[in-house]
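Chains as they are written, first to last, in the UniProt record's numbering: chain A, 1 to 460; chain W, 1 to 460.
Number of protein chains: 2
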Amino acid sequence: MSITPKGLYLTEGRLVQALSNKIASLRILLDHSNNSDELNQLMKGLYPSEIAYLIQHLEEEQRRKCVLGLKSEFNAEILLFLSPSLRKEVVNLFDISELSQILINLESDDVLNILRDLEAIHYQKALNYFPVEKSRFFLERLRHPQHTACALMRSEVLVFPDYWKVCQALEHIRSCHTPRFYDVFVVDHERRFLGSIELSAFVKCQEDELLSEVMTRSTHVIPIDWGQDEITFMFRLYELISAPVVDKDSRIVGVITVDDVMRVIEDKVAEDFMHLGGIHASDFYETVSKTSVGRLNWLLITVIDAILTSLVIQYFERVLHFKQGLIILMPIAAAMGGNSGIQAATVAIRALATRELNALNSARFLWKEVSVSCFNGALLGGGLGVLAFLWFKDIRVGLVLGGAVLFNMLWAGIAGTLFPMIIARLSGDPALSSGPLLTTTTDVFGYGLFLGLSYFIFKF
Amino acid sequence: MSITPKGLYLTEGRLVQALSNKIASLRILLDHSNNSDELNQLMKGLYPSEIAYLIQHLEEEQRRKCVLGLKSEFNAEILLFLSPSLRKEVVNLFDISELSQILINLESDDVLNILRDLEAIHYQKALNYFPVEKSRFFLERLRHPQHTACALMRSEVLVFPDYWKVCQALEHIRSCHTPRFYDVFVVDHERRFLGSIELSAFVKCQEDELLSEVMTRSTHVIPIDWGQDEITFMFRLYELISAPVVDKDSRIVGVITVDDVMRVIEDKVAEDFMHLGGIHASDFYETVSKTSVGRLNWLLITVIDAILTSLVIQYFERVLHFKQGLIILMPIAAAMGGNSGIQAATVAIRALATRELNALNSARFLWKEVSVSCFNGALLGGGLGVLAFLWFKDIRVGLVLGGAVLFNMLWAGIAGTLFPMIIARLSGDPALSSGPLLTTTTDVFGYGLFLGLSYFIFKF
């Protein structure tokens, strides 16, 4: 029976509870002792991902002690499961030669992931400790942009010539040490991709059949220059578990597996989520100072928004002399527009990300959002207008409020749909658009409409 | 060579472009002809997921024609790739007996997915067309809640007794027709789970080895009553491709595979995204009326928010007589608080979803967010205060604005962190909290603080 880590789940029942208990004992140990034997004992048999989870839950000083205590037995795979900012922190606890030594056992795509985090001078140094051939290979790969097939793929890939028999392929698989794989890829004499066989179909084949007879002429190959959006779209559409990456001559140069794609999909939608909330990337593990500075940019746009709003109010100041009722109702149109705009933008951003919204249906989508805004704007604007009339016993106040809410919600529906589409067309990130841009326009429009309408209705 | 659909990608190059071209020709065909042969010709060789993508891009009337035209050759797998609201629409185009007939070829978990969408009377009727045993099985499964292991798993699972040799297992695999699988599960004589063998390790085994010798005593089993959060957490932590589902006696009753988990993970984070934007679920494919009504609830909370704000302003109306400068600056504190609160809430919601934020680090996270709010509040409150002083040449105006911004941002930081955590503790969805609740409190606090401070500073 192969020896594997026992993992926490088996030993202690429910997973999250088990992790929590482990964190508690780890914290106590780190705070009260410097004994690295005890630490290694505590971590013994745990999976790298479990250790990473534990490390993420420590204070900075505890984390330092923990990593240094584990150092001699530190498994590089732990790094892969850490959040980016913590990974940098932990990597910096090693010197370059130590780092290269622990990296050398990882698969090529994982080494690249970690090297990418280092600064150029450091990864150059780290590469010096690798065998010449490997270090040249990594340097070459590091030149490619991060979010392409080339960066996602693993280079270790098994391929078999189409004239081989199943038994020959089996023999070859048994003879070599490969990471886990899910499909058998068949190539011609120039390593050009011909087809694939799902592993569970492969084991059903008779030993003397030719690979060319049992393979599926699959069409799911990934050109090396594809971006991650195209790759995730393809994995999702065809429910792939692995797919070969080919160069421009159709030769197989690597393989992308579902676990990497899963991480990309999750990162992407989490990123959109952060952007919608006005955050560049999750700063959960960042320090107070970095977090504060990182959040300032959106808040500065809010400052500009607020100043613009104030200027609008100042411009209409003479209207304000008219009636106190107007001052009391002033913020309503802006609030209604802001929130209904965010609703439209949220749907648009998500539909753009999943490629459901595209050139073919954008006009229809815009039209629908305008209709929705008209409907909700008329309903809520009408309701609020009546309320304002009853409150201040003045039909003009009701007209001003109702009109401002209706027109601002209409604008919000249009802008909430158009902004993400335009930004996507300009190759920007649509999720970044909705928050700041949209709120600023709905605020300025909201106050402007309300006060402008007041001016006209009360003046004449 | 096995015969498979050719798929669009091979025939026409780039995937999305190919799909777009196909949609264009499909639309023309449906608008100008009723010939179902031409339609079947156009769809020939396409994957179900591709056809689903095409169907999603049609207008309602085109969609009806398309589905009815395909009817005789309609592949039930197409249904699995449609968004929930469209799936209902398409299912309703079939009568119950037709539907049962096309469903019968699907795997059990997929049939259940579709049956769940039907209303109780309809799925009862549909089950009448299945063989008695199957229909009883489905009825039993449909009783379980939707988001548990039981609903996610597939019941068709290969298991092997531990005393079998590798060659016996191979023979059995070859003899039976199974859906794709990734791991070989080994059980004792009572079907209790003992261990598993990754398929790529299994093919390396010698034929006469015992399964009990080559298996890994894996700990990654899923109790049947686990919820989807625990399941996705486990798949992510251990990078699983498939895992056995066991009943309370540790007997294997099914298997969950990575493609289902991937869909759950994506749906969950997309759902959080929608909630943050004030939408219950993506209404991209819904009609105008359903969309409008669906979005009203959050907008109604905004109405309450706006009325509360107006009441606050009315309460402080006597302050408003003092100085026009105050009226002009009134909305700023509310806007700053609202946006910084959403930032804190966004990070908290996401960290709760990935289980990074939990009882162990919530106090530290709250403390950090308070520090961040203090820092940014002091910086931006100070800056805006100075600006207001320069604008209105009155130190009191500056003090009022600066103080209101600082304190409201401080409140926003606390509320943005606490609200999601409290709602999660109460087993609610934290993503639903942030928008409406948070904005209402930061608006009311923002105006209240600004006007209250004005009252005190100008009065005395």
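For glycine and all other residues, C-beta sits at the position ideal for the given N, C-alpha and C. The model shown is predicted, which means the values in this text are computed figures rather than measured ones.
{"Asked": "Is the segment 179-190 of chain A in contact with the segment 240-260 of chain A, if contact means three or more CB pairs nearer than 8 Å?", "Found": "yes"}
{"Asked": "Tell me the rounded alpha-carbon separation between residue 115 of chain W and residue 109 of chain W.", "Found": "10 Å"}
{"Asked": "By how many angstroms is the C-alpha of residue 21 of chain W removed from the C-alpha of residue 48 of chain W?", "Found": "17 Å"}
{"Asked": "Rounded to the nearest angstrom, what separates residue 43 of chain A and residue 293 of chain A at their Cα positions?", "Found": "36 Å"}
{"Asked": "Would the segment 332-349 of chain W count as touching the segment 443-460 of chain W if we require 3 or more Cβ pairs under 8 Å?", "Found": "yes"}
{"Asked": "Quick check on residue 372 of chain A - is its C-beta less than 8 Å from some C-beta in chain W?", "Found": "yes"}
{"Asked": "Give me the chain A residues within the contact set of residue 384 of chain W, using Cβ-Cβ distance strictly less than 9 Å, ordered along the chain.", "Found": "303, 306 and 307"}
{"Asked": "Just reading off the beta strand (DSSP E) that residue 183 of chain W is part of, what are its end residues?", "Found": "183-187"}
{"Asked": "Taking any Cβ of chain W, which residues in the segment 52-71 of chain A have a Cβ under 8 Å from it, in chain order?", "Found": "53, 56, 57 and 59"}
{"Asked": "Residue 250 of chain W and residue 192 of chain W: beta carbons closer than 8 Å?", "Found": "yes"}
{"Asked": "List the endpoints of the continuous alpha helix (DSSP H) containing residue 60 of chain A.", "Found": "60-70"}
{"Asked": "Check each residue of the segment 266-279 of chain W: if its Cβ is closer than 7 Å to any Cβ of chain A, include it; give the result in chain order.", "Found": "266, 269, 270, 272, 273, 274, 276, 277, 278 and 279"}
{"Asked": "May I have the straight-line CA-CA distance separating residue 362 of chain A from residue 347 of chain A, to the nearest angstrom?", "Found": "12 Å"}
{"Asked": "Are the segment 406-426 of chain W and the segment 251-268 of chain W in contact at 8 Å, needing three or more beta carbon pairs?", "Found": "no"}
{"Asked": "Residues in its own chain within less than 6 Å of residue 440 of chain A by CB, not counting five upstream and five downstream?", "Found": "305"}
{"Asked": "If you count every other CB in all the chains shown that lies within 10 Å of the CB of residue 310 of chain A, and 16 or more means buried, which is it?", "Found": "buried"}
{"Asked": "Pick out whichever of W:414, W:257 and W:99 has its Cα sitting closest to the Cα of residue 128 of chain W.", "Found": "W:99"}
{"Asked": "Could you tell me which chain A residues have their CB closer than 8 Å to the CB of residue 291 of chain W, listed as they occur along the chain?", "Found": "368 and 372"}
{"Asked": "Unbroken beta strand (DSSP E) runs of length 3 or more, entirely within the UniProt domain \"CBS\" (215-271) of chain W: which are they?", "Found": "242-246 and 252-257"}
{"Asked": "Using a C-beta cutoff of 8 Å, does residue 455 of chain A count as contacting chain W?", "Found": "no"}
{"Asked": "What is the C-beta distance between residue 166 of chain W and residue 207 of chain W, in whole angstroms, given that I count them as a contact (C-beta under 8 Å)?", "Found": "5 Å"}
{"Asked": "Does the segment 349-358 of chain A come into contact with the segment 368-382 of chain A, if we say contact requires no fewer than three beta-carbon pairs (one atom in each stretch) closer than 8 Å?", "Found": "no"}
{"Asked": "Would you check if the segment 136-147 of chain A and the segment 158-178 of chain W touch, i.e. whether three or more CB-CB distances between them fall below 8 Å?", "Found": "no"}
{"Asked": "When the Cα atoms are used, what is the spatial distance from residue 477 of chain W to residue 220 of chain W?", "Found": "Residue 477 of chain W lies beyond the stretch modelled for chain W, which goes from 1 to 460, so this question has no answer here."}
{"Asked": "For residue 102 of chain W, I'd like the list of residues in its chain whose CB is within less than 8 Å of its CB, leaving aside the five on either flank, ordered along the chain.", "Found": "74, 75, 76 and 94"}
{"Asked": "DSSP three-state label for residue 195 of chain W, please.", "Found": "strand"}
{"Asked": "Less than 8 Å between the beta carbons of residue 457 of chain A and residue 400 of chain A, yes or no?", "Found": "yes"}
{"Asked": "What residues match up with residue 160 of chain W in a beta bridge as DSSP calls it?", "Found": "W:186"}
{"Asked": "Just mark residue 423 of chain A as buried or exposed, buried being the case when its beta carbon has 16 or more other beta carbons within 10 Å.", "Found": "buried"}
{"Asked": "Report yes if the CB atom of residue 273 of chain W is closer than 8 Å to the CB atom of residue 269 of chain A, and no otherwise.", "Found": "yes"}
{"Asked": "Do you know how far the Cα of residue 218 of chain W is from the Cα of residue 201 of chain W?", "Found": "14 Å"}
{"Asked": "Could you give the C-beta distance for residue 107 of chain W and residue 154 of chain W, rounded to a whole number, given that I count them as a contact under 8 Å?", "Found": "6 Å"}
{"Asked": "May I ask you to report which of helix, strand or coil DSSP gives residue 396 of chain A?", "Found": "helix"}
{"Asked": "With a threshold of 8 Å between beta carbons, is residue 314 of chain W in contact with chain A?", "Found": "yes"}
{"Asked": "Could you compute how far the alpha carbon of residue 256 of chain A sits from the alpha carbon of residue 69 of chain W?", "Found": "38 Å"}
{"Asked": "Within 8 Å (strictly less), CB to CB, does residue 415 of chain A reach chain W?", "Found": "no"}
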